[in-house]
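Here is the structure we will look at, set down as structure tokens.
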Amino acid sequence: MPLKLHDTLSRADLELRPLDGKTLRFYCCGPTVYGPAHVGNFRTFVAQDVMRRVVEASGTPTLHVRNITDVDDKTIRDSQKAGQTLADFTRGWTEKFHADCDALNLLRPHVEPSAVAHIPHQIAMIEKLAATGHAYAAADGSVYFRVSSFKDYGRLSHLEDRELRLGASESASATDSDEYSKDSLTDFALWKARKPEDGANYWPSPWGEGRPGWHLECSAMILEYLGEDFDLHSGGVDLIFPHHENEIAQSCCSTHGRFAHHWMHVAHLMVDGGKMSKSLGNLYTLEDLRQRGYSAAEVRYVLISGHYRAPLNFTFHSLDSARQALQKLAKADKVLALLAPNLSPASPGPFQDAWDTLLNDLNVPGALGGIFGGLNKLKPATLTAEEAASARNGLHFMLGALGIVLPPVAEETVAEVPADIQALAQQRWDAKQARDWATADTLRKQLETAGWLIKDSKDGFQVLPK
RNA sequence: GGCGAGGUAGCAAAGUGGUAAUGCACUGGUCUGCAAAACCGGUAUGCGCGGGUUCAAUUCCCGCCCUCGCCUCCA
């Protein structure tokens, strides 16, 4: 059974079947590398990762393309602030992005093209658009797309022509000075003429020196790596308009294809009930959360714990909750591993319901519920080796589809226990052996206050961080 | 104003035309000197508000309220 996925354009849940009958080819809008990505950015990438894993787990190979935006106003501005060349600056942040992605267990895209490396492709696309009347050059050497030349403009975002004008006129006063020469306020830049503040960051073109507009890179690189028609395009909801709308216009007017056949958009991550933003100080990077003691796996768990199309509120409580949930899964796996030490997770086994739920528009919260529900029903003591193997393989099949890596079970992690704590714990054990309960309890409380828990067993004790 | 996504237990979050998964937290029991862990239970007569359709609605329809996002920087 193929994945059924909501399509933004048709507003319907449609089955994802590869156009070529073999490989699901899809494109995701990647990061602009001018700083560390925040968890909100990663929510989108994690959702896309789950989509890819589910498609692959259901037996369909994928071709995953995700770009790196390494030239735009922000990258240029911040590279200059940092006193670095654009290339050096963006390379550093790209590496940081990759490290974060790896930590979050995101599968690397098969192709990760950069905008700067595809400027000829972008120029070629503009030339096509200009030759067919969809693009025009302004006096300053900038080139714009003529929105009125594409009758389907606005279909993805369901914005009518009149509404577009309204929105444009409202922001007209704030319009960038370099866009004064557009024929219509709704037209958007394909090529931006060189400005003094661009520094060394300009490229030659038939219209003079300058640099490509943001929307264009995706269209050009999609054409290069996925062709005129491909299966799926994805990004955050905020990209629906104008970015994806513009991509459709550029691509459909410069090729004979239909562009993406399916659109997947991921809802925003909220913080404390609102949008995260630098000015509110509620913007967290993976690094921020790690410094607070959370693991990337815990962050990932939080990010997938809400349906991708619903806004998700991010809190520290949800990270704590994720930690416990992961421990629960790890413990369940440990018990099953006693009976079934060898893994070959090829099918959902007893978690078929959870798998079916996941195939229904990537219902991850529902699937997680199914996994826990299934585990609760399992009685390890009564399982045969075959049943245990089926359960454990099924569990790992599901975890693999969700990209969840189980943490070590907490009691097994060896914590650094300070000598004085260890000594106190020993005293308590001795008191206990002497059946001096009062002293033992006093010492236990003392240790607890210091942040340590004592776990007794028949012939010894363990000191654990609280 | 237009478009879109949401409002379900303390928190988070699924779901369904027939009377509410799951995780966290809390809590009762078994076990333990006491704990911890584990295991067995409990915790929404209720699913934003008001109408309507129906034998039956949280689930369908209508109206309203609230939250969030987008409307040319934005995952």
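Here the numbering used here is used: the first residue of the first sequence is 47, the next is one more, and so on.
Built from N, CA and C at the ideal position, the CB exists for glycine as well.
Just so we're clear, the structure is a prediction, and the values are computed from it rather than from any experiment.
Which of the three DSSP states is assigned to residue i in this structure?
i    : result
L493 : helix
Q508 : strand
A235 : strand
C75  : coil
S364 : helix
L49  : coil
F191 : strand
L175 : helix
P64  : coil
V111 : strand
L55  : coil
S390 : coil
A220 : Here A220 scores only 36 on pLDDT, less than 50, and its place in the model is too uncertain to base an answer on.
S351 : coil
V92  : helix
R211 : Note that R211 scores a pLDDT of 48, beneath 50, so its modelled location is shaky; the value from the coordinates is reported in the next line. In this structure, R211 counts as helix in the three-state DSSP scheme.
S251 : coil
E225 : With a pLDDT of only 45 at E225, under 50, the local geometry of the prediction cannot be trusted, and no value is derived from it.
V451 : coil
R99  : helix
G395 : helix
D275 : strand
R240 : coil
R257 : strand
L375 : helix
L384 : helix
L152 : coil
L205 : coil
Considering just the uninterrupted stretch of the beta strand (DSSP E) at residue i, what are its terminal residues?
i    : result
L60  : A58 to E61
A527 : With the chain covering 47 to 512 only, the question about residue 527 has no answer from this structure.
L445 : Careful: L445 lies outside any beta strand (DSSP E), inside the alpha helix (DSSP H) at A431 to L448.
K423 : Counting along the chain, K423 falls outside any beta strand (DSSP E), though it belongs to the alpha helix (DSSP H) covering V410 to K423.
K501 : W498 to S503
Do residue i and residue j have their C-beta atoms within less than 7 Å of each other?
i    : j    : result
G440 : G412 : no
P64  : D407 : no
D379 : L452 : yes
M171 : S251 : no
F397 : G420 : yes
Y271 : V381 : no
L510 : L493 : no
L385 : E291 : no
H144 : M267 : no
A342 : A149 : yes
R89  : L315 : yes
T78  : D134 : no
H308 : D53  : yes
A313 : A356 : yes
A368 : E333 : no
Y340 : H84  : no
Alpha carbons only, please: which of the options is nearest the one belonging to residue i?
i    : options                   : result
V455 : A239, A376, T495 and H290 : A376
W359 : R112, A368, V348 and A480 : According to the sequence as given, residue 359 is Asn; it is not Trp. Out of R112, A368, V348 and A480, V348 has the C-alpha closest to the C-alpha of N359.
D284 : A235, G254, G86 and P48   : G86
K174 : D505, S297 and P357       : S297
V101 : G254, H164, L70 and L202  : L70
S436 : L150, H311, D505 and N388 : N388
A246 : I169, L132, K68 and A465  : L132
L405 : E61, R490 and L493        : E61
A184 : D59, D244, D229 and A477  : D229
Y199 : G327, E293, H279 and R123 : E293
L262 : D482, W401, T488 and F234 : F234
I286 : C74, A465, Q508 and K50   : C74
V111 : R154, D275, K142 and R123 : R154
D402 : G415, Q468 and T136       : G415
E180 : V193, I169, G187 and S188 : Residue 180 is actually His in this sequence, not Glu. Considering only alpha carbons, the answer is V193.
S280 : A93, D476 and R490        : A93
V162 : A496, W260 and A239       : W260
Tell me the residue span of the alpha helix (DSSP H) that contains residue i.
i    : result
S280 : Element bounds for S280: not the alpha helix (DSSP H) but the beta strand (DSSP E), L278 to G282.
I122 : D119 to K127
F137 : Note that residue 137 is Arg in the sequence shown, not Phe. Where R137 is concerned, the enclosing alpha helix (DSSP H) stretches over L132 to A149.
R474 : A465 to Q479
S265 : W260 to Y271
T403 : Q398 to L405
A295 : E291 to S300
Inset, instruction - Return the chain-ordered ranges of every alpha helix (DSSP H) run that is complete within the region 302–343 and spans a minimum of 4 residues. - result: 332–337
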